[in-house]
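Student: I'd like to ask you about the structure that follows.
Okay, structure coming up:
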């Protein structure tokens, strides 16, 4: 079954079997993940996360799906990566889909090309699971998605204000959502947001975005990266979105290290390939081993679990991405 983003949001609470989320829209991915995690918490469903760095990692995923803990009746597994199961993994996937009706395997992948979408893996998902393309290719789609975000904030935009917002952010949904948050905070008593409201509060506040942070860390510019990071935090950027941005770059770099000639299949824009290749030449591959644990610690600290400071941990991650760790073991 194929669903778009808004259709998928409506089915989160009843999701079972295997779902694949793939695309290049961080807002859509983060919103769906947040919705799934909230649903699992409300239903007391155990959650586990796995990073798929090689084909062998799928064995751990299917072993977990077939062995519930003593304290759980249901299990939700997040599998993050861009490596599909091999023939034996597809056999395990088919067996899971036929016999395990209670658990959920949620697979999060970057943008897929047309050949990938025709693979046996996606044919299996289309036939027996749920395939969600995280895309918003048309202005109508983007406005529908952002209208949902505006409704959450309790604001409405005039028609021409929507057009201005999209043009201002050049189809960047994540940046547009952040602008909606700013205009909501700046004009809490305005019933209908006009262009002049957007312009007055955004013209001086669009200095940096998470995309600027990504470019700075890939260039290895630690001072600029920390400067942008501190600006984002001070201006109210959610730490979850900063974490998403950093984890995406770490994941892409690790995957490119394993598959140096498949940058396009990993969803890296052609204009950015040289930037990632330069970053790989600069970085010590041994540092990659520390990244999954660091990301898990940041995620836990943002959620208030443990005693570590999420802002400090995010700075560690940024420094590591720049190839200049704050601490030396």
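In full-length UniProt numbering, the protein residues as written are 1 to 329. Cβ coordinates follow ideal geometry from the N, Cα and C atoms, glycine included.
When the Cα atoms are used, what is the spatial distance from residue 318 to residue 52?
Tutor: About 22 Å.
Student: Between residue 111 and residue 267, is the Cβ-Cβ spacing less than 7 Å?
Tutor: Their beta carbons are under 7 Å apart, which means residue 111 touches residue 267 by this criterion.
Student: According to the neighbour-count rule (16 or more other Cβ atoms, all chains shown, within 10 Å of its Cβ), is residue 190 buried or exposed?
Tutor: Exposed, because fewer than 16 other Cβ atoms sit within 10 Å of the Cβ of residue 190.
Student: Should residue 312 be labelled buried (16 or more other beta-carbon atoms within 10 Å of its own) or exposed?
Tutor: Residue 312 should be labelled exposed.
Student: Use the C-beta contact count for residue 282: other C-beta atoms within 10 angstroms, 16 or more gives buried, fewer gives exposed.
Tutor: Exposed, because fewer than 16 other Cβ atoms sit within 10 Å of the Cβ of residue 282.
Student: Where does residue 306 land, buried or exposed, given buried means 16+ other C-beta within 10 angstroms?
Tutor: Exposed, because fewer than 16 other Cβ atoms sit within 10 Å of the Cβ of residue 306.
Student: Determine the DSSP secondary structure at residue 329, reduced to helix, strand or coil.
Tutor: Because residue 329 sits at a pLDDT of 47, beneath the cut-off of 50, its placement in the model cannot be relied upon, and the point is left open.
Student: Can you tell me where the beta strand (DSSP E) holding residue 46 begins and where it ends?
Tutor: From DSSP, the beta strand (DSSP E) with residue 46 extends over 46–52.
Student: Whose CA, out of 241, 163 and 12, lies closest to the CA of residue 39?
Tutor: With distances taken between Cα atoms, residue 39 lies closest to 12.
Student: Classify residue 235 as buried or exposed, calling it buried when 16 or more other Cβ atoms lie within 10 Å of its own Cβ.
Tutor: Classification of residue 235: exposed, given that the 10 Å Cβ count is below 16.
Student: So what does DSSP say about residue 305, is it helix, strand or coil?
Tutor: Looking at residue 305 - three-state DSSP - the assignment turns out to be coil, as it is neither helix nor strand.
Student: Keeping to the same chain, check which residues put their C-beta closer than 6 Å to that of residue 174; ignore five residues upstream and five downstream.
Tutor: Closer than 6 Å at Cβ, skipping near neighbours: 26 and 27.
Student: Inspect the CB distances between the region 73–91 and the region 104–119 and report whether three or more fall short of 8 Å.
Tutor: Yes, the region 73–91 is in contact with the region 104–119.
Student: Rounding to the nearest angstrom, what Cα-Cα distance links residue 286 and residue 135 in this structure?
Tutor: For residue 286 and residue 135, the distance between alpha carbons rounds to 34 Å.
Student: Residue ranges of each beta strand (DSSP E) run of no fewer than 3 residues wholly in the region 53–117, ordered along the chain?
Tutor: Runs of the beta strand (DSSP E) inside the region 53–117: 75–81 and 104–109.
Student: Going by alpha carbons, who is nearest to residue 230 out of 242, 220 and 284?
Tutor: When only C-alpha atoms are compared, the closest one is 242.
Student: So the alpha helix (DSSP H) residue 153 belongs to, where does it begin and stop?
Tutor: It spans 139–153 - the alpha helix (DSSP H) in which residue 153 sits, taken as one unbroken run.
Student: For the structure I just gave you, are there three or more beta carbon pairs, one from the region 175–190 and one from the region 218–225, closer than 8 Å?
Tutor: In short, these stretches do not touch, since the Cβ pair count stays below three.
Student: Give me the Cα-Cα distance between residue 176 and residue 56, rounded to the nearest whole angstrom.
Tutor: For residue 176 and residue 56, the distance between alpha carbons rounds to 39 Å.
Student: Run through the DSSP bridge pairs and tell me what residue 18 is partnered with.
Tutor: Beta-bridge pairing links residue 18 to 105.
Student: Could you name the residues of the same chain whose beta carbon sits closer than 6 Å to that of residue 132, not counting the 5 residues immediately before and after it, in chain order?
Tutor: Closer than 6 Å at Cβ, skipping near neighbours: 3, 8 and 21.
Student: Name, in chain order, the residues that DSSP records as bridge partners for residue 133.
Tutor: DSSP lists 22 as partners of residue 133.
Student: Is it right to say residue 249 is buried, meaning 16 or more other beta carbons lie within 10 angstroms of its own, or is it exposed?
Tutor: With 16 or more other Cβ atoms within 10 Å, it is buried.
Student: Would you mind sorting residue 70 into buried or exposed? The rule is 16 or more other CB atoms within 10 Å of its CB.
Tutor: With a pLDDT of 48 at residue 70, under the threshold of 50, the modelled position of this residue cannot be trusted; read the value that follows with caution. Its Cβ having fewer than 16 others within 10 Å, residue 70 is exposed.
Student: Within its chain, find whatever has a CB closer than 8 Å to the CB of residue 145; leave out the 5 residues flanking it on each side and keep chain order.
Tutor: For residue 145, where only same-chain residues beyond five positions count, the Cβ hits under 8 Å are 5, 6, 27, 28, 136 and 173.
Student: Near residue 247, what residues of its chain come up, given a Cβ to Cβ distance below 7 Å and the 5 sequence neighbours on each side ignored?
Tutor: Hits under 7 Å: 295.
Student: Which ranges would you report for the alpha helix (DSSP H) in the region 173–251 if only whole runs of at least 4 residues count?
Tutor: You should have 173–186, 195–202, 210–218 and 222–234.
Student: Strictly by DSSP, which residues pair up with residue 156?
Tutor: The partner list for residue 156 (beta bridge, DSSP) reads 192.
Student: Using DSSP's beta-bridge definition, name the partner residues of residue 3.
Tutor: Its beta-bridge partners are 132.
Student: Out of curiosity, what's the CA-to-CA distance linking residue 89 and residue 265?
Tutor: When rounded, the distance between both Cα atoms is 20 Å.
Student: Less than 7 Å separating the beta-carbons of residue 17 and residue 154?
Tutor: Contact: no.
Student: Helix, strand or coil: which one does DSSP assign to residue 282?
Tutor: The answer is helix: DSSP assigns residue 282 an H, G or I state.
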